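In this note's numbering, the protein residues as written are 167 to 620. We put the beta carbon where it would ideally sit given N, CA and C, even for glycine. Treat the numbers as computed from the prediction; the structure is a model and nothing was measured. Following: one structure in structure tokens, then a few remarks.
Now the structure itself:
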């Protein structure tokens with residue numbers, strides 16, 4: 167009888183849809199660092215470790231935890247290729263140059279020139295172990311599909327006897343801006359087995375987060391499901407991030423079910439006009455975020471960026487101080503995942519203060535259901551609810567080109583009595599107010615206040 171009960175329990179567990187794995191992760195918006203904005207395709211292991219150490223020493227206690235290696239870690243960027251889109255030419259025999267680091271199963275592995283600890287088939291495990299030893303989590307960027315060189319080489323698919331890479335590739339499905347991969351035809355036998363083998367490899371390495379690129383625009387529904395199914399079977403909890411945007415709103419219900427975070431827009435960079443567009447993208451996705459599934463505004467463009475490309479010269483962010491406050495305020499209040507894009511060891515006191523204000527980060531980690539209250543005459547207000555019905559986080563934004571007073575009326579929040587206001591950036595109480603609260607905000611600036619009903 168006991169054996170029958172155990173068997174029945176196992177069968178019940180096995181029948182749970184694999185999509186539930188997605189919803190048990192990322193209960194709050196993930197917070198971390200990503201190498202792309204400062205190093206493009208050319209980050210090296212020592213630089214990843216330096217950013218890991220900075221996060222562990224200065225940011226971890228404020229909730230930052232993910233260290234993500236982005237873009238083309240299987241490629242040895244030689245001099246002259248720092249932007250990172252090497253053209254895969256064919257040799258006379260049809261093979262590809264440059265040849266990416268790949269194992270016998272058609273799975274890309276880290277290039278040992280950039281990641282020396284990966285030598286002798288160790289992959290990312292030594293680097294992931296280092297990140298974990300500092301109390302943090304490790305992530306990687308991957309391109310959708312299967313390497314073209316694996317298709318050429320007809321590499322066998324692990325877990326699918328007799329099936330090779332060329333039999334599962336969709337050679338008509340390619341990325342418009344990177345020429346290394348073919349899409350997978352998920353209708354073909356062996357396609358899911360290939361993704362399963364990828365995620366088992368990543369799980370063996372100790373990966374906690376994957377960012378799958380070239381999958382949201384256009385939206386590759388079957389492959390999104392395939393990655394999540396592979397995560398569900400790999401034996402390790404792994405957050406699934408998909409990019410780039412604009413993820414189609416028509417797929418909102420699907421992406422909420424299968425991904426933990428998804429890009430609302432294309433790559434975001436340090437230009438005010440891009441910030442203005444992001445407000446509109448966020449309005450389109452208003453009400454869609456929640457535990458396990460988060461619309462993503464993209465990385466935070468504050469600090470030292472573009473050290474080796476990919477956009478513009480090496481620089482500290484072009485955002486002014488007021489615009490940087492707006493950047494952090496909106497990403498926090500909207501509850502976007504927070505992924506720092508600058509080289510952390512080069513942060514100045516200014517950047518560190520922006521990243522370690524626990525009162526601002528509280529809105530990101532504890533707020534619920536962010537909404538736009540109004541947007542008119544160069545003024546914009548967003549708000550979210552706190553942990554109980556008596557608390558609100560309110561962002562006052564001046565998106566015009568001159569100083570303005572931006573006000574929130576209590577009636578908009580459903581408040582019918584006095585409320586105390588605390589300025590989160592100033593870490594100071596502003597007072598008790600009967601009907602509304604306002605501040606004079608500099609051009610392109612913002613304030614974040616916590617409103618507590620008395």
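In the three-state reduction of the DSSP assignment, residue 421 falls in the helix class. Inter-segment contact for the region 365-383 and the region 406-421 is present: three or more beta-carbon pairs are separated by less than 8 Å. A residue is called buried when at least 16 other Cβ atoms come within 10 angstroms of its Cβ; residue 351 meets this threshold and is buried. Residue environment analysis places residue 597 among the exposed positions, since fewer than 16 neighbouring C-beta atoms fall within 10 angstroms of its C-beta.
Between the region 352-359 and the region 265-282 there are fewer than three inter-stretch CB-CB distances shorter than 8 Å, so the stretches are not counted as touching. A contact between stretches requires three or more CB pairs, one per stretch, nearer than 8 Å, and the region 215-234 fails this requirement with the region 490-497. Taking C-alpha positions only, residue 453 is separated from residue 349 by approximately 32 Å.
The region 570-582 makes no contact with the region 446-464; the number of CB pairs closer than 8 Å stays below 3. Look at the region 311-341 and you find these whole runs of beta strand (DSSP E), each 3 residues long or longer: 335-340. Counting only residues of its own chain and dropping the five nearest sequence neighbours on each side, residue 444 has a CB closer than 7 Å to the CB of 431, 434, 463. Residue 206 sits in coil when the DSSP states are folded into three classes, being neither helix nor strand.
Spatial neighbours of residue 239 in its own chain (CB-CB distance under 6 Å, excluding positions within 5 residues in sequence) are listed in chain order as 276. For residue 604 against residue 564, the beta-carbon gap comes to about 11 Å, at or over 8 Å, which does not count as contact. When the five nearest sequence neighbours on each side are left out, the beta carbons in the same chain lying within less than 7 Å of the beta carbon of residue 381 are those of 310, 389, 390, 408, in order along the chain. Under the three-state reduction of DSSP, residue 576 is assigned to helix. Contact between residue 211 and residue 293 holds, with the beta-carbon distance rounding to 6 Å and staying under 8 Å. Under the DSSP definition of a beta bridge, residue 465 lacks any partner. Contact between the region 220-230 and the region 521-537 is present: 3 or more CB-CB pairs across the two stretches fall below 8 Å. Taking C-beta atoms under 8 Å as the contact rule, residue 417 and residue 447 fail to qualify, at a distance of about 15 Å. Taking a C-beta distance under 8 Å as the contact criterion, residue 402 and residue 440 do not qualify as a contact pair. In the DSSP assignment, residue 506 forms a beta bridge with 199, 466. Going by C-alpha positions, residue 543 is about 49 Å away from residue 312. Per DSSP, residue 347 is one residue of the beta strand (DSSP E) stretching across 347-350. In the three-state DSSP reduction, residue 471 falls in the strand class (E or B).
Following the DSSP letters along the chain, one finds residue 393 inside the alpha helix (DSSP H) bounded by residues 387-399. Note that the C-beta distance between residue 372 and residue 298 is below 8 Å.
Of the candidates 620, 518, 592, 572, the residue whose Cα lies closest to the Cα of residue 584 is 620. Of the candidates 243, 295, 616, 514, the residue whose Cα lies closest to the Cα of residue 474 is 243.
Counting other Cβ atoms within 10 Å of its Cβ, residue 450 stays below 16 and is therefore classed as exposed.
Annotation: the continuous beta strand (DSSP E) that includes residue 564 extends over 557-564.
In the DSSP assignment, residue 542 falls within the unbroken beta strand (DSSP E) covering 534-542. For residue 605, the enclosing beta strand (DSSP E) has its first and last residue at 602-607.
Taking 4 residues as the shortest admissible run, the region 209-241 contains the following complete alpha helix (DSSP H) segments, listed from N- to C-terminal end: 211-220.
For residue 595, DSSP records a beta bridge to 588. The shortest CA-to-CA distance from residue 354 to any of 346, 367, 365, 326 is the one to 326. Just so you know, the alpha carbons of residue 595 and residue 559 end up roughly 14 Å apart.
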